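Going letter by letter, the sequence shown gives residues 466 to 920 in the numbering used here.
Written below as structure tokens is the structure these notes are about.
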Amino acid sequence: MLREISTAEKEQLHSIPELEIQARWFGGEFGRQFTSTDGEPVEIVQFGHWNHGAGPDFTETAVKVGDEIRRGSIEIDLSVDSWEGHGHGSNPGFNNVVLHVFLQGLKDGEGRFFTRSEDHQSIPQVQIDLQQLADSKPVPLTIPEARLGRCATPLADMREDDVASLLVAAAQFRLQQKLQRLQKIAETHDSEQALFQSLAEALGFRHNKVPMAVLTQRFPLAMLKKESSSKREALLFGAAGFIDFEKLEESEDPDSKAYVKELWEEWWKMRSEFEPETDRALQWKLAATRPTNHPQRRLGALAGLLDSWSAFAKTALDFESNDWDVRSRKLLAAVDHSFWKTNYTLKSKPSAKPLVLIGKDRVRDILGNILFPMAVAASPVKSWKKYAELPAVDSNESLRRAMLRLFGNDLVRRKQFSSKYFEQQALLQIYKDFCLEDASECANCPFPEQLAQWG
Ligand code: SF4
466 MLREISTAEK EQLHSIPELE IQARWFGGEF GRQFTSTDGE PVEIVQFGHW NHGAGPDFTE
526 TAVKVGDEIR RGSIEIDLSV DSWEGHGHGS NPGFNNVVLH VFLQGLKDGE GRFFTRSEDH
586 QSIPQVQIDL QQLADSKPVP LTIPEARLGR CATPLADMRE DDVASLLVAA AQFRLQQKLQ
646 RLQKIAETHD SEQALFQSLA EALGFRHNKV PMAVLTQRFP LAMLKKESSS KREALLFGAA
706 GFIDFEKLEE SEDPDSKAYV KELWEEWWKM RSEFEPETDR ALQWKLAATR PTNHPQRRLG
766 ALAGLLDSWS AFAKTALDFE SNDWDVRSRK LLAAVDHSFW KTNYTLKSKP SAKPLVLIGK
826 DRVRDILGNI LFPMAVAASP VKSWKKYAEL PAVDSNESLR RAMLRLFGND LVRRKQFSSK
886 YFEQQALLQI YKDFCLEDAS ECANCPFPEQ LAQWG
């Protein structure tokens, strides 16, 4: 029998922090079966993952609404109208939300709040039952960011050699996929353009890959190489939408002002020909971007690289030589620019110390994701040997999730099978091919059964 919740207890429940509600939701305390505010049955098939960046609270979820499985994100708010209060309804980053969960509705007499995305889609709502909240016990806020997968048990039972050979196969498959993409660009254009576009995408990592790629397609390498350094730079920054002369006066730093003025003096002459129409303007993502990764700075790195392009391309594509990788790494790490080596954006004050334009992890990713796939195609045995020796890079969200799902709390195996770059790439491939394709909380994933056949 349900007990009565007193007004004082209600107030207490409504003051529970949002983070705790989210943790209790993810911990499964409120169950999987709900009824939406429209009366439809809602089942959480897959709780997904905690999102540590900007955007909805849980990503990669699967929610059954009526008979339809919807894949996307879940947002949890204390109050239903926080959706608007927090600006989610006008933020395209929330367009993939498939369920809005909340604790408190509108007050009596205030009507009903409908959750709508920026692209005007109606999003199903579920209100957490206060009675259930009152009766559930608070969980410690130490819930892992990903759940253990069904494949963790067969993987734990596999011999080390078999796990190692599985990762080699997954990494080689990933190299092939990356190579195929590069080859497609090279077939349509040429191999230097493929290298140029891929490098720009790598510099746009992780939120601005697409605008960087589009910029290199609108202004291909062959065209940029014919221009002077200053004109090339003005073209890239102007067409990117970064040169805004009207706002120049807002900058407090004289060097920044002088640099934008230089760009502007070239750009205004080309503006009418190359400035994209408003509806074709590049959409840069600035939120949740570290200052060193600001797209203006990344574009500055690309401009710096273009200044030494011939020497770089000659070295980077010289796969017959024994040390192309060492020399390419050095050239990338040495990319320089008089303004961008000390500035984060066009308006920021300079940093006290010079900053590298292409950091070591980015250099390793450029080698691992672009140059080595090409090299392995040119000389498979020699290049694979070198590739397999590349040390690991800093972990990222997808890699952490992959390791948690595949190896759980087995710290020894987690470390053992992620100490090399190729092993990290292999885990990311498994995560992409299986975890991201799954909408059944592992139940229908074929990977555990495939593991039984391995070796
Ligand atoms: S979806 Fe598949 S690969 Fe991913 S954790 Fe579950 S069983 Fe493992």
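For glycine and all other residues, C-beta sits at the position ideal for the given N, C-alpha and C.
These figures come from a predicted structure and were not determined experimentally.
{"Asked": "Distance between beta carbons of L543 and F567, contact taken as under 8 Å", "Found": "7 Å"}
{"Asked": "Closer than 7 Å: R763 CB and nearest ligand 1 heavy atom", "Found": "no"}
{"Asked": "Rounded distance between the beta-carbons of T810 and S438, thought under 8 Å", "Found": "Residue 438 falls outside the range modelled here, since the chain spans only 466 to 920, and no answer is possible."}
{"Asked": "Cα-Cα separation between R755 and F702, rounded to whole angstroms", "Found": "19 Å"}
{"Asked": "Start-to-end residues for the beta strand (DSSP E) that takes in R536", "Found": "E533 to S544"}
{"Asked": "Identity of the residues DSSP links to F523 by a beta bridge", "Found": "W515 and I539"}
{"Asked": "Boundaries of the alpha helix (DSSP H) in which F661 is found, first to last residue", "Found": "S656 to L668"}
{"Asked": "Of the residues S863, E698, A768 and E540, the one placed nearest M735, counting alpha carbons only", "Found": "E698"}
{"Asked": "M466 (DSSP reduced to helix, strand or coil)", "Found": "Bear in mind that the predicted position of M466 carries a pLDDT of just 44, short of 50, making it unreliable; the figure below should be weighed with that in mind. DSSP places M466 in coil when its eight states are reduced to three."}
{"Asked": "Straight-line Cα distance separating E692 from E442", "Found": "Nothing can be reported for residue 442, as the shown portion of the chain is limited to 466 through 920."}
{"Asked": "I895: CB within 7 Å of a non-hydrogen atom of ligand 1", "Found": "yes"}
{"Asked": "Contact between the region 855-874 and the region 840-847 (3+ Cβ pairs under 8 Å)", "Found": "no"}
{"Asked": "The region 587-597 in contact with the region 871-887 per 3-pair CB rule at 8 Å", "Found": "no"}
{"Asked": "Residues near ligand 1, criterion Cβ-heavy atom distance below 5 Å", "Found": "G614, R615, C616, R870, F899, C900, D903, C907, C910 and F912"}
{"Asked": "C-beta atoms of L822 and G769 nearer than 8 Å", "Found": "yes"}
{"Asked": "Coil, strand or helix - H947 by DSSP", "Found": "Because the chain in this structure spans residues 466 to 920, residue 947 falls outside the shown range and cannot be described."}
{"Asked": "Residue burial classification, K643 (beta-carbon count within 10 angstroms, cutoff 16)", "Found": "buried"}
{"Asked": "Residue environment, Q918, which counts as buried when at least 16 other CB atoms sit within 10 Å", "Found": "exposed"}
{"Asked": "Ordered list of alpha helix (DSSP H) runs contained in the region 693-775, each at least 4 residues", "Found": "694-704, 719-739 and 760-772"}
{"Asked": "Whole-angstrom distance between T502 and G493, CA atom to CA atom", "Found": "20 Å"}
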